[in-house]
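Input: a single structure, listed below in structure tokens.
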Amino acid sequence: MEQRPLGDTPRSRCQFYRRECDLPAIVDPPGLGRIVLRAGSVWALTMPSSLGQAVKAHMQSKRVRLGPILAHPRSNRWTFLIAPDLPENDTRLFAELFRLNVSVSRTGSTIALPSPTASVGAIRCWIVPPRNGFRPSGREVVAAVRAWADPAPRRR
9 MEQRPLGDTP RSRCQFYRRE CDLPAIVDPP GLGRIVLRAG SVWALTMPSS LGQAVKAHMQ
69 SKRVRLGPIL AHPRSNRWTF LIAPDLPEND TRLFAELFRL NVSVSRTGST IALPSPTASV
129 GAIRCWIVPP RNGFRPSGRE VVAAVRAWAD PAPRRR
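Every letter in the sequence shown is one number past the one before it in this note's numbering, and letter 121, counting from 1, is 129.
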């Protein structure tokens, strides 16, 4: 069983996310200890974990700096936290991503983050934990998704 560090509570984790990682997180609802943020200054791209692994590897091979990535083990999906630099109303882009089973959490969406109360059930966990306020460009992550969705032979 995974042991959480002494003093790691939903409130302390939320404060860490806010102060050190510039994530506008809140504990909601307080009784359950779920940590969420409302997308605005941070957006997210969520995809199947197999695609997420390929996107992460592609970005690393191209020396693109990784930002926070979290896993949802129960649903077998990964979420990349990104800078909100994708066009807000580009229906072609969203349709393209939808066909690839990639969803965009844009302004107003709720994004759930790993919480110490969920560690036993592994609802969400960090693949690449946040360490500061850096988030990669959404355009860079979309480019990596496209590189792996392209039916042409992949160059690694």
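A virtual CB, placed ideally from N, CA and C, is assigned to each residue, including glycine. Please read all numbers here as calculations on a predicted model, not as lab measurements.
Kindly identify the DSSP beta-bridge partner or partners of residue 81. Residue 81 pairs with nothing; no bridge assigned.
Using DSSP with H/G/I as helix, E/B as strand and the rest coil, what is residue 54? strand
In angstroms, rounded to a whole number, what distance separates the CA positions of residue 66 and residue 118? 27 Å
Determine the contact status of residue 64 and residue 77, defining contact as a CB-CB distance below 8 Å. yes
At which residues does the beta strand (DSSP E) containing residue 149 begin and terminate? That residue, residue 149, is in no beta strand (DSSP E); its alpha helix (DSSP H) goes 146-157.
Kindly indicate which three-state DSSP category residue 117 falls into: helix, strand or coil? coil
Considering residue 46, what are the terminal residues of the beta strand (DSSP E) in which it resides? Its beta strand (DSSP E) spans residues 43-46.
Which residues in the same chain as residue 140 place their Cβ atom closer than 8 Å to its Cβ, once the five residues preceding and following it in sequence are excluded? 28, 29 and 30
Got a sec? Which residues, its chain only, sit under 7 Å from residue 137 by beta carbon, not counting five neighbours each side? Result list for residue 137: 76, in chain order.
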